[in-house]
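*Asks:* Handing you a structure now.
Chains as they are written, first to last, in our numbering: chain A, 1 to 323; chain B, 1001 to 1323.
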């Protein structure tokens, strides 16, 4: 039942990340607990290096490069948090990174990635296939491709977020985790179940992008159209192959949240917890808010998975969705 | 040279606050350090109970009530963070609070204060004098008036913020503190100097409300017109009497910041540190941003004194001041 990902893998990743990644704090709020009627423990991965949990997996993968591979460097494709995570992890390890980004990626994301020292190359997302471009780049240059989730070392690194949370907070009843490709849930679920075999594992997806929920019901990976949601980190069309093998055996339930619920979650975290969480990162908390009776009286761990949202985007979201 | 406020007072306050107030975290950011060319340590009082450092002083004062006084309760006037702090501290101590607020105070501030169990009474700020109203209320009801700053137990409680910061971070060169009535600086300065006699103490005021700077130059308390600034917690007309006696002997310098610099500081804290700081709470950090050469290469402690800003106000400020 290990599907190739074991608790030992996650403990090994934690040892590698010690002193490199932040051991992020746990956010609690009397006001929020009162509102939802549960004891809520937010794992503040918005305060992780490069602003999201992604750094944990990227560093764990890149730190395993052989000396030869380190010489040749890494490559990745992403317009989001994975780009910044790979760029920063490569710099910390002392290797080089090439990141493929769509031409129309926000200038701020490109600047942040370049700020970590990566070589950013753009492609036309309507005419070119990013996986093929990345594979060609890897083949030509010998760079090691760093995937965003479908890799055991990525999953193991990402699982250290739950390892820390369960070490810091005892007796959690439920763990709520945003699901995109499924790497965060794969790693976190394995870690959480190892420490607490009875913990309930609940994934959260945007209602418009319920590929994991559909896939779990069908018992096989289902592909959907690119979802339209403000949760830009969760716009995948299909669960990962390796992640799904793990998650289909461990996930108890998947909750769906719409954009309005995500913005309400961002607002409450801003006003009550004074913390900045991006749309994708607020989905797990949104699930708790949108169905509090489902979690009433429970001790609930919530992955606040990222905080990379600018003030302009934040203000737009508030004005669009909040009265 | 103690002016009635000693380090022992602050240590006694810290003992009282232990387990009641939050020992707030220290915010650091590689990105911010790189931008300003200094090592910045933000004392996150925006994460304090009731959202600001004010709780430290209010609780320290109210916890000293005699059994008789506790029976009769407390009163205070404030439209801002002091109101919420007194309301919460009264509830924690187990006494009652009446808070005088102007009729036109924001509904959210009133709701928050009532949410902590206080009895809020309104007055017409154009026709009635709040100090006189509060004095009459105290005389009629026997309630103990809790002033916002000009009281040694308030100052001692507020000084525990710097006590914690200097215990957590060694070898600070400079401490930047927002100045309104001067209570936070009075307490923090005494604590900081006791732990590090060579530390530089720099106050920060809105450029439009430079009563402390003028008073320090003149060597006596100068009254100004009510300042127009977005830093609504710093709109005092004159330094406190007791606070000024302390601050005139210990403050090395006062920096002034304008509204645009305050909003830039709020934006940077949001985007890089993922933390929500209200205008008044961001002034000390704004001083660092607006004159980085003044602090270059130094280890600078910065009081992030409060985080009570709603998403609507935050969005308005960003759209008004940021391109």
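Ideal Cβ positions, reconstructed from N, Cα and C, are used throughout, including at glycine.
Every value quoted in this text rests on a predicted model; they were computed, and no experiment measured them.
Whose CA, out of 1238(B), 1307(B), 1284(B) and 1015(B), lies closest to the CA of residue 1046(B)?
*Replies:* 1307(B)
*Asks:* Under a CB-based cut-off of 8 Å, is residue 111(A) close to chain B?
*Replies:* no
*Asks:* Looking only at its chain, what residues have a beta carbon closer than 8 Å to the beta carbon of residue 1018(B), apart from the 5 residues adjacent to it on each side?
*Replies:* none
*Asks:* Is it a yes or a no for the stretch 259 to 277 of chain A touching the stretch 216 to 224 of chain A, going by three-plus beta-carbon pairs under 8 Å?
*Replies:* Note that the stretch 259 to 277 of chain A does not touch the stretch 216 to 224 of chain A; fewer than 3 beta-carbon pairs, one per stretch, sit closer than 8 Å.
*Asks:* Let me confirm a value: residue 167(A) is counted as buried when at least 16 other C-beta atoms fall within 10 Å, else exposed. Which label applies?
*Replies:* exposed
*Asks:* Against residue 318(A), what residues of chain B qualify as contacts under a CB-to-CB distance less than 9 Å, listed in chain order?
*Replies:* 1311, 1312, 1314 and 1315
*Asks:* The beta strand (DSSP E) that contains residue 1042(B), what's its start and end?
*Replies:* Counted as a single uninterrupted DSSP element, the beta strand (DSSP E) harbouring residue 1042(B) occupies residues 1039 to 1044.
*Asks:* Kindly list the residues whose CB is nearer than 8 Å to the CB of residue 101(A), restricted to its own chain and excluding five residues on each side of it in sequence; keep chain order.
*Replies:* 77, 78, 79, 83, 109, 110, 113, 120, 121, 122 and 123
*Asks:* Who are the neighbours of residue 25(A) on chain B, taking C-beta pairs under 7 Å?
*Replies:* Those are 1025, listed as they occur along chain B.
*Asks:* For the 8 Å Cβ check, are there 3 or more pairs between the stretch 163 to 179 of chain A and the stretch 59 to 69 of chain A?
*Replies:* Under the Cβ criterion (8 Å, minimum of three pairs), the stretch 163 to 179 of chain A does not count as touching the stretch 59 to 69 of chain A.
*Asks:* Compare the C-beta of residue 1051(B) against all C-beta atoms of chain A and say whether one is closer than 8 Å.
*Replies:* yes
*Asks:* Could you please give me the residues that DSSP links to residue 1097(B) through a beta bridge?
*Replies:* 1074(B)
*Asks:* Just the Cα atoms here: how many angstroms apart are residue 1195(B) and residue 1020(B)?
*Replies:* 23 Å
*Asks:* According to DSSP, is residue 1300(B) helix, strand or coil?
*Replies:* strand
*Asks:* Quick one: what's got a C-beta closer than 7 Å to residue 1192(B)'s C-beta in the same chain, skipping five residues either side?
*Replies:* 1162, 1166, 1175, 1199 and 1201
*Asks:* Using the beta-carbon of each residue, which ones in chain A are nearer than 8 Å to residue 1054(B)?
*Replies:* Neighbours of residue 1054(B) on chain A: none; closest Cβ ~15 Å, over 8 Å.
*Asks:* State the Cα-Cα distance for the pair residue 1001(B) and residue 1247(B), rounded to the nearest angstrom.
*Replies:* With a pLDDT of only 44 at residue 1001(B), under 50, the local geometry of the prediction cannot be trusted, and no value is derived from it.
*Asks:* How big is the Cα-Cα spacing for residue 249(A) and residue 88(A)?
*Replies:* 33 Å
*Asks:* Measure the alpha-carbon distance for residue 1125(B) versus residue 1117(B) and round it to whole angstroms.
*Replies:* 23 Å
*Asks:* DSSP state of residue 118(A), grouped into three classes?
*Replies:* coil
*Asks:* Under a CB-based cut-off of 8 Å, is residue 103(A) close to chain B?
*Replies:* no
*Asks:* Determine whether the Cβ of residue 1081(B) lies closer than 8 Å to any Cβ atom of chain A.
*Replies:* no
*Asks:* What is the DSSP secondary structure of residue 229(A), reduced to helix, strand or coil?
*Replies:* coil
*Asks:* For residue 98(A), count the other beta carbons within 10 Å of its own beta carbon; 16 or more makes it buried, fewer makes it exposed. Which is it?
*Replies:* buried
*Asks:* Determine the extent of the alpha helix (DSSP H) in which residue 1166(B) is found, giving its start and end residues.
*Replies:* 1152 to 1168
*Asks:* If we require 3 or more residues per run, which beta strand (DSSP E) segments fall completely within the stretch 1165 to 1194 of chain B?
*Replies:* 1174 to 1178
*Asks:* Rounded to a whole number of angstroms, what is the C-alpha to C-alpha distance between residue 1228(B) and residue 153(A)?
*Replies:* 55 Å
*Asks:* According to DSSP, which residues form a beta bridge with residue 1144(B)?
*Replies:* In DSSP, residue 1144(B) forms a bridge with 1074(B).
*Asks:* Consult DSSP for residue 126(A) and reduce its assignment to one of helix, strand or coil.
*Replies:* coil
*Asks:* List the endpoints of the continuous alpha helix (DSSP H) containing residue 346(A).
*Replies:* This structure cannot speak to residue 346(A), because chain A is shown only from 1 to 323.
*Asks:* Run through chain B and tell me which residues come within less than 8 Å of residue 213(A), C-beta to C-beta.
*Replies:* At a C-beta separation below 8 Å, residue 213(A) has no neighbours in chain B, since its nearest C-beta there lies roughly 29 Å away.
*Asks:* Which residues, in chain order, does the stretch 31 to 50 of chain A contribute to contact with chain B at a C-beta distance below 7 Å?
*Replies:* 46 and 47
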